[in-house]
Structure formats: structure tokens, C-alpha cells
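When we follow the numbering used here, the leftmost residue of the sequence shown carries the number 1348, and every step to the right adds one.
By construction, the Cβ of each residue, glycine as well, lies at the ideal position given by its N, Cα and C atoms.
Let me begin by presenting the structure, written as C-alpha cells, before commenting on it.
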Amino acid sequence: MQKSDLEKRIKLIPLKNEHIDEVYEIERLSYSNPWTKFGFYAEIRNPFSMPYVLTLDEKIAGYIVLWDYGESLHIANITVHPDFRRMGLGRYMIRFAKEKARELGMKAITLEVRKSNESARRLYESEGFVAIGVIKGYYPDNHEDAVVYKYEM
Ligand SMILES: CC(C)(COP(=O)(O)OP(=O)(O)OC[C@H]1O[C@@H](n2cnc3c(N)ncnc32)[C@H](O)[C@@H]1OP(=O)(O)O)[C@@H](O)C(=O)NCCC(=O)NCCS
């Protein structure tokens, strides 16, 4: 299939130690309870984790962390830099996760999201993810509920 003009500018590459300062900056700008830098270093060493950075015109604009749960793929983190949101990069990474899950022969993709995170929930729902449950008080900073989403391959 032909690549769109946006797709031609995007690369998804495995996260490396040298990306972590920039990734952490995006994380800090994006969440009230960000992952730590140590957390990102740990993802690189975790054999069940597949962390990727997304570059747009060679500049880091986002990242996605995928966990291998055996029969399913779990999206542990998906984030786009505030300056590059609403361009389709989040959707691109969700589609990348679907490709990865297909490649690995997995049956489903799962994730959790804050109940109040309407933009992310809209993205997931528009990509065919279905809300399958709620985890009460899941987020430690404000005890907000998490909505669990699942995408069946
Ligand atoms: C959620 C997030 C990854 C989406 O990334 P993005 O690159 O901005 O998303 P896209 O441009 O691909 O948007 C895809 C769809 O999501 C929905 N969406 C995204 N941002 C939205 C917003 N601000 N308001 C309403 N809908 C929104 C829309 O349906 C959009 O499709 P459309 O532009 O055709 O209407 C990004 O907003 C982000 O990093 N947020 C902070 C971190 C976060 O909450 N991550 C998810 C944790 S579970």
C-alpha cells in the first residue's frame, strides 16, 4: 500500500538509552504521575517489553511501550509530545501495535486508560477497542478509575 505524506516522515525505532532524556521530557509534560527515567531504562532491559520511539522528520515526537502478555499484547504507554498532537501520530502508533500483535500471532491487545481521558478513549474506540471493564481507584495520584480496553485481532 502507498504511504501517505505523513507516514513518509515517520519512523518507529526501538527505544535506546540515548533517547531517554527526550522521552522523559515528553512524559513529564504529559502526565500528572509520569514514569521515571529509571522506569524507561528498565523497559529497555525487560525481555517482555518492546519500547519504541516515534520520530517525525528525525525528531522524537512520541513513544509506545508494548508488553508481551503471551496471548495478548498490552499497551503500557502511548504518548505524543503536546506540540505534535492531533496530527495522526497516536493513531499511527495504535496501528503499529496492531501490526505487531498480528506478527506475533497474538489474539488481542489490551490497555488501561483514565476514565476522564476523553481524547485517548476516542482514539481507542475509533480504532475498534472495546471497553471491557473498570478498575476502581486504579491511579494512585487521585484514585481515578481506569477503563480497560480490549481489541480482538
Ligand atoms: C492520547 C494521545 C496519545 C493521542 O495522540 P494524538 O497523536 O494526538 O492522536 P491522533 O492525532 O492520532 O488522533 C486520533 C483520534 O483521537 C481522538 N482525539 C485525539 N485527541 C483529541 C482531542 N484533543 N479531543 C478529541 N478527540 C481527540 C480523535 O478521535 C482523533 O481522530 P481525528 O483527529 O480524526 O478526530 C495524545 O493525546 C497524548 O499523548 N495524550 C497524553 C498522554 C495520554 O493520555 N496517553 C494515553 C494514556 S492511556
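DSSP three-state assignment for residue i, whether helix, strand or coil
i, result
"residue 1461", "strand"
"residue 1474", "coil"
"residue 1446", "helix"
"residue 1353", "helix"
"residue 1359", "strand"
"residue 1401", "strand"
Bridge partner(s) assigned by DSSP for residue i
i, result
"residue 1415", "1420"
Rounded straight-line distance, which links the Cα of residue j to that of residue i
i, j, result
"residue 1391", "residue 1436", "22 Å"
"residue 1415", "residue 1448", "9 Å"
"residue 1494", "residue 1409", "22 Å"
"residue 1412", "residue 1453", "16 Å"
"residue 1400", "residue 1464", "22 Å"
"residue 1430", "residue 1471", "21 Å"
Buried or exposed by the 16-neighbour rule on C-beta atoms within 10 Å, applied to residue i
i, result
"residue 1398", "buried"
"residue 1360", "exposed"
"residue 1395", "exposed"
"residue 1489", "exposed"
"residue 1376", "exposed"
"residue 1500", "exposed"
"residue 1380", "exposed"
N-terminal and C-terminal residue of the alpha helix (DSSP H) that residue i is part of
i, result
"residue 1390", "1384-1392"
"residue 1371", "1367-1377"
Enclosing beta strand (DSSP E) for residue i [first to last residue]
i, result
"residue 1454", "First-last for residue 1454: undefined, no H or E at that position."
"residue 1483", "Per DSSP, residue 1483 belongs to no beta strand (DSSP E) and is neither H nor E."
"residue 1499", "1493-1499"
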